[in-house]
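Structure first, then comments.
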Amino acid sequence: MAQQTVDLRNLPMIEDASVAILLSKWYPEIVESMHEKCRDLLIARGAFVTSHKLPGTFEFPFAAQTLAETDIELEGIVCLSVVVKGETRHFEAIVDATTRQLVQISCEQGIVIINEILPVLDKQHAIARSQDDQFNKGIEAAVAAIEMIDWYRHIEPPLNYDAVDLH
């Protein structure tokens, strides 16, 4: 398995950014390892982090939508879970539907959503991606959230033509 580390040098500060982490209760030892790495890096870069443990991955879109609509300070959501392929199509249904819905919520609500749902063929693949090392996917999720929040903070707001005096 080819693994790459993410470059933490020159990672921007995101002072006072509000970020929610959604966690699935399934495979808690794996998800919690990713959660710790993600949370610690977000806090180190200045974010205020809240964590929400949910019954499963399929509940992420509802939680993300609810948080995006009710928390006006929220700048990002990170989704952490593991879905292991079994003998049925349940795996594909959960991962595909959840991914599509999270993308839709992100675009419609104008909020950064980072999807670090690990769709794996067996539990060992997830364990390999959640070790206490630089390859932990929680780090990758935090870096993506930090970079996207920083990017979003620096784009020009759209011009409101109603507020501009053109005469």
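To convert, note that position 32 of the sequence shown is 29 in my numbering; the numbers rise steadily by one, no gaps.
Using N, Cα and C, we set each Cβ at its ideal position, and we do this for glycine too.
Three-state secondary structure assigned by DSSP to residue i
i: Pro58; result: helix
i: Gly73; result: strand
Status (buried if at least 16 other CB within 10 Å, exposed otherwise) for residue i
i: Gly107; result: exposed
i: Phe59; result: exposed
i: Pro25; result: exposed
i: Asn112; result: buried
i: Leu38; result: buried
i: Gly73; result: buried
i: Pro52; result: exposed
i: His151; result: exposed
i: Glu70; result: exposed
i: Cys104; result: exposed
i: Arg126; result: buried
i: Glu84; result: exposed
i: Glu137; result: buried
i: Lys34; result: buried
Supposed close pair residue i, residue j - CB separation, criterion 8 angstroms
i: Ile18; j: Arg36; result: 6 angstroms
i: Ile40; j: Ala65; result: Wrong, their Cβ atoms sit about 21 angstroms apart, outside the cutoff.
i: Lys134; j: Met31; result: 5 angstroms
i: His114; j: Thr54; result: The residue you asked about is not His; residue 114 is Ile in the sequence shown. About 6 angstroms; that satisfies the 8 angstroms criterion.
CB contact below 7 angstroms: residue i versus chain C
i: Lys50; result: Protein chains in the displayed structure number just one, and chain C is not present.
field: beta strand (DSSP E) runs wholly inside the stretch 91 to 122, at least 3 long, in chain order
entry: 109 to 117
- Task: Inspect the CB distances between the stretch 46 to 60 and the stretch 141 to 149 and report whether three or more fall short of 8 angstroms.
- Result: no
At which residue ranges does the stretch -1 to 64 contain complete alpha helix (DSSP H) runs of 4 or more residues, listed in the order of the chain? 25 to 41
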